[in-house]
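Chemist: Below are the structure tokens for one structure; questions will follow.
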């Protein structure tokens, strides 16, 4: 009798289901509001514009049905861009398919010190400054760019960059999944699901590819993203909307499929104490394929990160004017327009809204065990980048007469759906620990901070850093809205100098912007790699989760 009495005294009362539902929906409301007013509205405007006649003065006008799509598919240049994009997708899938998985398996079986060194090596591509790859362009390395091999050279560079980034991200994600499999008695479900999601994400991001490297290609051989930019430059708004809608259609389907896979497998992300994580590691010598993955991935990491940056410094110093090709005030202005707009959006909109949404779905659970399926509402935009939404955003700014203003440099996407997904999976994984601590007598507030808030802060910092680094390298939106020199971002300036055949300016920007940016983010990611990322575990939800 006394035992049951003490047990009942330590058990915390559950929140009323109605109150829980209202609180959860209240916390989720900002994400829903942004999704409808930002992502859904831009997507709807894109769909609507693809069925309308477009004029440069008035924008989208009268309804013309499928005429824009008909004109698009009758254009040989669009067909060629589709073929090239398909080839690019194949190359990237080959880079993503095997080596990152072998790398993660190898690193998770070797000694602690060597494992840490390899993890730090593959932190380099996380801080990757993509525009620096133009240092491999014909302006600097003409021997690589023979007329007969120009397409192959582009695909080689693109594939190498994809391999390096895939190894860096795969080492984090697959390692967490491998630790989760060991915790679940050898279950490979987390690993298989993340591998499938990586495939879908690679296809989605390849469909939206647009970067400085595209400018190195001859006419006719370019991804769909570049052809989209050509239609903007030629004021063919109807075609621009149509291409954007085609991108959105396929990318949305890929996002929905990936979401269903993740939710149906009940994936959860947990943060475990160091001793528990070390007990999950299997100590063996890597196989020969594992060592091959480490060597090839390491070569790719050096090739796309350090070498282009060192080349930019060397080339800049070799020019007579050196670093004086850019004025100090111009450098400061370029840093400001490249960093401040995305930083403000991330810190004050994207991260807080995603954090509240993750707490709502993963912890408060307004619909109980089925709450994670609320992520389906946001799934069409899981893999969407700024490229297919950029023209609809540009038209909105044009109507408000904000084009070529600092406001127009704000990213089109105000709700980061990947942030929302990752935080939701994390809070879902930590929910059981928080609930158990409360049942054992820990105060609700103490358990809330110990098992939910504090472990989530490094993860939030990681996502904010990755988002900022990605946004700082965005090229498509600044090309549309930052028309004056004062609003040129670093990536826009790199492209402009390439077009004007002034390689000194290009290498100077990479050395003065890309190199410091790379060093800063490498330090941030290395610290997270050493103290946090190797303690994440990706598992399928246990049956006891409430």
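Residue numbers (this note's numbering): 31 to 576. Glycine residues also receive a C-beta, built at the ideal position from the N, C-alpha and C atoms.
1) Among the candidates 349, 204, 230 and 194, whose CA atom is the shortest distance from the CA of residue 139?
2) Using 7 Å as the threshold, is the C-beta distance between residue 334 and residue 191 below it?
3) Within 10 angstroms of its Cβ, does residue 381 collect 16 or more other Cβ (buried), or is it exposed?
4) Which partner residues does residue 300 have in the DSSP bridge list?
5) Contact between the segment 546 to 559 and the segment 153 to 162: three or more CB pairs below 8 Å?
6) Would the beta-carbon of residue 339 fall within 7 Å of that of residue 545?
7) Here's the rule I'm using: 16 or more other beta-carbon atoms within 10 Å means buried, otherwise exposed. How should residue 173 be labelled?
8) Is the segment 425 to 437 in contact with the segment 405 to 414, if contact means three or more CB pairs nearer than 8 Å?
9) With distance defined between alpha-carbon atoms, name the residue in 292, 281 and 400 nearest to residue 226.
10) So residue 257 packs on residue 506, CB below 8 Å; how close in whole Å?
11) State the DSSP-derived secondary structure class of residue 46, mapped to helix, strand or coil.
12) Under 7 Å Cβ to Cβ from residue 47, same chain only, skipping five residues before and after it: list those, please.
13) With 16 other CB atoms within 10 Å as the buried threshold, where does residue 282 fall?
14) Would you kindly work out how many angstroms separate the C-alpha atoms of residue 230 and residue 127, rounded to a whole number?
15) Let's test the definition: count the other Cβ atoms within 10 Å of the Cβ of residue 362 and tell me whether it reaches 16, buried, or not, exposed.
16) Going by DSSP in three states, residue 521 sits in which element: helix, strand or coil?
17) Can you tell me where the alpha helix (DSSP H) holding residue 493 begins and where it ends?
18) Can you tell me whether DSSP reads residue 262 as helix, strand or coil?
19) When DSSP labels each residue in this structure, what does residue 428 get in the three-state scheme?
20) In chain order, what residues of the same chain lie with their CB nearer than 6 Å to the CB of residue 271, ignoring the 5 residues before and after it?
21) Find the nearest neighbour of residue 228 within the set 129, 181, 522 and 111, judged by alpha-carbon distance.
22) Locate the alpha helix (DSSP H) running through residue 94, then write down its first and last residues.
23) With distance defined between alpha-carbon atoms, name the residue in 539, 567 and 141 nearest to residue 360.
24) Can you tell me whether residue 471 is buried or exposed, with buried defined as 16 or more other CB within 10 angstroms of its CB?
25) Which residue wins for smallest C-alpha separation from residue 515, given the options 420, 319 and 367?
26) I'd like the list of long-range same chain contacts for residue 36, defined as Cβ closer than 6 Å, with 5 residues on each side in sequence excluded.
27) If contact is defined by three or more beta carbon pairs under 8 Å, each pair taking one atom from either stretch, is the segment 486 to 500 in contact with the segment 339 to 348?
28) Is residue 408 closer than 7 Å to residue 383 when the C-beta atoms are compared?
29) Is the Cβ-Cβ distance between residue 58 and residue 390 less than 7 Å?
30) Using C-beta distances below 8 Å, list every residue in its chain close to residue 324, excluding the 5 sequence neighbours before and after it, in chain order.
31) Between residue 195 and the rest of its own chain, which residues show a CB-CB distance below 7 Å, the 5 nearest in sequence each way excluded?
32) Whole angstroms is fine: what's the gap from residue 244's alpha carbon to residue 143's?
33) Please work out which residues of its chain come closer than 6 Å, Cβ to Cβ, to residue 571, disregarding the five sequence neighbours upstream and downstream, and give them in chain order.
Modeler: Let me spell this out:
1) 204
2) yes
3) Here residue 381 is buried: its Cβ has 16 or more other Cβ atoms, across all protein chains shown, within 10 Å.
4) 567
5) yes
6) Residue 545 is positioned such that its CB atom lies closer than 7 Å to that of residue 339.
7) exposed
8) no
9) 292
10) 12 Å between Cβ atoms; not a contact.
11) coil
12) none
13) buried
14) In a straight line, the C-alpha of residue 230 is about 11 Å away from that of residue 127.
15) exposed
16) In the structure shown, residue 521 sits in a helix (DSSP, three-state: H, G or I).
17) Going by DSSP, residue 493 is part of the alpha helix (DSSP H) stretching over 484 to 502.
18) In the structure shown, residue 262 sits in a helix (DSSP, three-state: H, G or I).
19) helix
20) 76, 79 and 80
21) 129
22) Looking at the DSSP string, residue 94 is not in any alpha helix (DSSP H), and its letter there is neither H nor E.
23) 539
24) Residue 471 should be labelled exposed.
25) Answer by Cα proximity: 367.
26) In this prediction, residue 36 scores a pLDDT of 43, lower than 50, which makes its location untrustworthy; the coordinate-derived value is nonetheless stated afterwards. Once the five neighbours on either side are set aside, residue 36 has no close Cβ partner at all.
27) no
28) no
29) Going by C-beta atoms, residue 58 is nearer than 7 Å to residue 390.
30) 133, 136, 137, 148 and 316
31) 155 and 158
32) 40 Å
33) 296 and 298
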